[in-house]
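Here the sequence shown is numbered in our numbering, starting from 7 and rising by one per residue.
Even glycine gets a Cβ: it sits at the ideal position worked out from N, Cα and C.
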Amino acid sequence: MFADYAVRVEHSRGRRYPEPPHPYRNDFQRDRDRVIHSRAFRRLDSKTQVFTRRYSDHFRNRLTHTLEVAQIARTIAAQLDLNVDLVEALALVHDVGHPPFGHAGEKALDSAMREHGYFFDHNLHALRIVEDFELRYAAFRGLNLTFEVREGIIKHSHDYDPEQFPELAEYLLDQRPPVEAQLIDLADEIAYTTADLDDGYEAHLLSLEQIRSGVPGFDSLFQEADRKWPNVAEKLKFNEALKRMLDSFVNDLIGATQMNIQKAGVHNLDDVRTRPYRLVSFSADIEKQRRQAKSFLYSTLYYSPALDSEKREGERVIRELFEFWMQNPDSLPSNYREKAEIEPLARIVCDYVAGMTDNYIYEQHQKYCVGLGRQPPRS
Ligand code: MG
């Protein structure tokens, strides 16, 4: 049972290279499976989300974060009678464009690119991965994903200006993405906001008192858990409160989105696409709570001195390696050297660096920068 504004796989605009249908998997299910079987997806396991492996093997990395987003997004999609197969494919692919070292890595790669007159954007990079870099099929480069999945990669979290990005014209930049793509961004927010409180607490970087005073929504849920289970361990009450916080975000997103859809008089996919604003949102009250939690995490965790030295280390590794390959393009692997004959060198170096895992980039840095005495004195 689909809502009348859901994306229907039989109405898909299809793949770049037509393929015969599969006997029992539809095109969105096949796209989901192609993402899971891609190299870029497997590499997420060795990419930092917030905490590096130095902290603990049971904190989220980009792969487990991605699985949590997929679980949350599927739940929401099913309640809204959306296309769950499409949502699952979009959730699983949503972070494949991220470079090593989390947001610090993204910032460093972007500023290295800007020095050469370009920029780095993880959604655009994800599109390059699925369109070109993944080599699994004899008949074409990339994963040959359906239009709707490629469109969602570009548009799930960000509206690109059609004038600034004429090369993305096929993705209908003047239209909103389907509800399936819109909800990925907020499922992502729900997943990382709750997960980062959890890992921050487990890492002893955030105390219970700090979280309770900085995140009022969490505090009232913790008090509830405390009244119900006064004698259990603090971490179990913490878990109960956090679980309820996640649940209340999900519940609210479902209810508020249903209300938005009803109020807007949306009856089909075209109505979704031609609306001036996105239809997926939280209510004003939960949106306020989410923002409070997010700004709490920014001030206490993401920019905390405890994570700072590793972030700076990651930025330095990216900056030095990027410059090394700009000066020594002959040291790039042969397939990248060949590409550099057609595309700007900075773009090719950026592609190479962005695809690396945290482990691999450290190895490369060791090989090309440290051994050659390029390492500046540590501050
Ligand atoms: Mg994410």
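- Taking the CB atoms as reference points, tell me whether C15 and N89 lie closer together than 8 Å. Against the sequence shown, residue 15 aligns to sequence position 9. Against the sequence shown, residue 89 aligns to sequence position 83. A small fix is needed here, since residue 15 is Val in this sequence, not Cys. In this structure, V15 lies near N89, with their beta-carbon atoms less than 8 Å apart.
- Message: Suppose the cutoff is 8 Å on Cβ atoms and the five residues either side in sequence are ignored; what does the same chain contact list for H371 look like?
- Response: Residue mapping note: residue 371 aligns to position 365 of the sequence shown, counting from 1. Around H371: V323, E326, L327.
- Item | Residues bridged to T54 [DSSP beta-bridge criterion] | One-based indexing of the sequence shown puts residue 54 at position 48. DSSP, once it has assigned bridges, lists N67 as partnering T54.
- Proximity test, V56 beta-carbon vs the ligand GTP heavy atom, cut-off 7 Å: With respect to the ligand GTP, the structure shown offers nothing to examine, as its ligands consist of the ligand MG.
- Query: Just to check, is the beta-carbon of Y198 closer than 7 Å to a non-hydrogen atom of the ligand MG?
  - Reply: Your numbering for residue 198 matches position 192 in the sequence shown. At least one heavy atom of the ligand MG is nearer than 7 Å to the Cβ of Y198, so yes.
- Query: So the alpha helix (DSSP H) L211 belongs to, where does it begin and stop?
  - Reply: Here residue 211 refers to the residue found at position 205 when the sequence shown is read from its first residue. That residue, L211, is in no alpha helix (DSSP H); it is neither H nor E in DSSP.
- Should D101 be listed as close to the ligand MG, given that the test is whether its C-beta is under 7 Å from any heavy atom? Within the sequence shown, residue 101 is the residue found at index 95, counting from 1. At least one heavy atom of the ligand MG is nearer than 7 Å to the Cβ of D101, so yes.
- Query: Run through DSSP, which three-state label would V359 get?
  - Reply: Locating residue 359 in the sequence shown gives position 353, where the first residue counts as 1. The answer is helix: DSSP assigns V359 an H, G or I state.
- Query: First and last residue of the alpha helix (DSSP H) that includes I42?
  - Reply: The residue you call residue 42 lines up with position 36 of the sequence shown. For I42, the enclosing alpha helix (DSSP H) starts and ends at 33-42.
- Less than 7 Å between the CB of H162 and some heavy atom of the ligand MG, yes or no? Position 156 of the sequence shown, counting from 1, holds the residue named residue 162. No, the Cβ of H162 stays beyond 7 Å of every heavy atom of the ligand MG.
- Task: Given a cut-off of 8 Å, decide if Y374 and F330 are closer than it, judged by their beta-carbon atoms.
- Result: Counting from one through the sequence shown, the residue named residue 330 turns up at place 324. Counting from one through the sequence shown, the residue named residue 374 turns up at place 368. Their beta carbons are under 8 Å apart, which means F330 touches Y374 by this criterion.
- Query: Buried or exposed: where does Y41 fall if 16 or more other Cβ atoms within 10 Å of its Cβ makes it buried?
  - Reply: If you number the sequence shown from 1, residue 41 lands on position 35. The identity of residue 41 in the sequence shown is Val, whereas the question assumes Tyr. Classification of V41: buried, given that the 10 Å Cβ count is 16 or more.
- Message: Measuring only from the beta carbon, is H28 closer than 7 Å to any heavy atom that is part of the ligand MG?
- Response: Numbered from 1 along the sequence shown, position 22 holds the residue referred to as residue 28. At a threshold of 7 Å, H28 does not count as near the ligand MG, since its beta carbon sits no closer than that to any of the ligand's heavy atoms.
- Query: How big is the Cα-Cα spacing for A187 and L96?
  - Reply: For the purposes of this step, residue 187 is taken as the residue at position 181 of the sequence shown. For the purposes of this step, residue 96 is taken as the residue at position 90 of the sequence shown. Looking at the backbone, the Cα of A187 and that of L96 are separated by about 7 Å.
- Message: Tell me the residue span of the alpha helix (DSSP H) that contains R233.
- Response: The residue given as residue 233 occupies position 227 in the sequence shown. The continuous alpha helix (DSSP H) containing R233 extends over residues 222-234.
- Message: Any heavy atom of the ligand MG inside 7 Å of the beta-carbon of V75?
- Response: Stepping through the sequence shown from its first residue, residue 75 is reached at position 69. Flag set: Cβ of V75 near the ligand MG.
- Query: Does the separation of the CB atoms of D13 and L141 fall below 8 Å?
  - Reply: Numbered from 1 along the sequence shown, position 7 holds the residue referred to as residue 13. Numbered from 1 along the sequence shown, position 135 holds the residue referred to as residue 141. Checking the sequence shown, residue 13 turns out to be Val, not Asp. Their beta carbons are not under 8 Å apart, which means V13 does not touch L141 by this criterion.
- Message: Just verifying my parser: in three-state terms, what is the DSSP assignment at R21?
- Response: Translated into positions along the sequence shown, residue 21 becomes position 15. Here R21 sits in strand by DSSP.
- Query: Could you give the distance in angstroms between the alpha-carbon of K234 and the alpha-carbon of A247?
  - Reply: For the purposes of this step, residue 234 is taken as the residue at position 228 of the sequence shown. For the purposes of this step, residue 247 is taken as the residue at position 241 of the sequence shown. Spanning the alpha carbons of K234 and A247 requires a straight line of approximately 11 Å.
- Message: With distance defined between alpha-carbon atoms, name the residue in L189, Y23, A312 nearest to A79.
- Response: Here residue 79 refers to the residue found at position 73 of the sequence shown. Here the closest residue by C-alpha is L189.
- Task: Run through the segment 289-329 for me and flag every whole alpha helix (DSSP H) of 4 or more residues, listed as ranges in chain order.
- Result: List check, alpha helix (DSSP H) in window: 290-303.
- Is H109 near the ligand MG, with its Cβ less than 7 Å from a heavy atom? What you label residue 109 is simply residue 103 of the sequence shown in a count that begins at 1. Of the heavy atoms belonging to the ligand MG, none sits nearer than 7 Å to the Cβ of H109.
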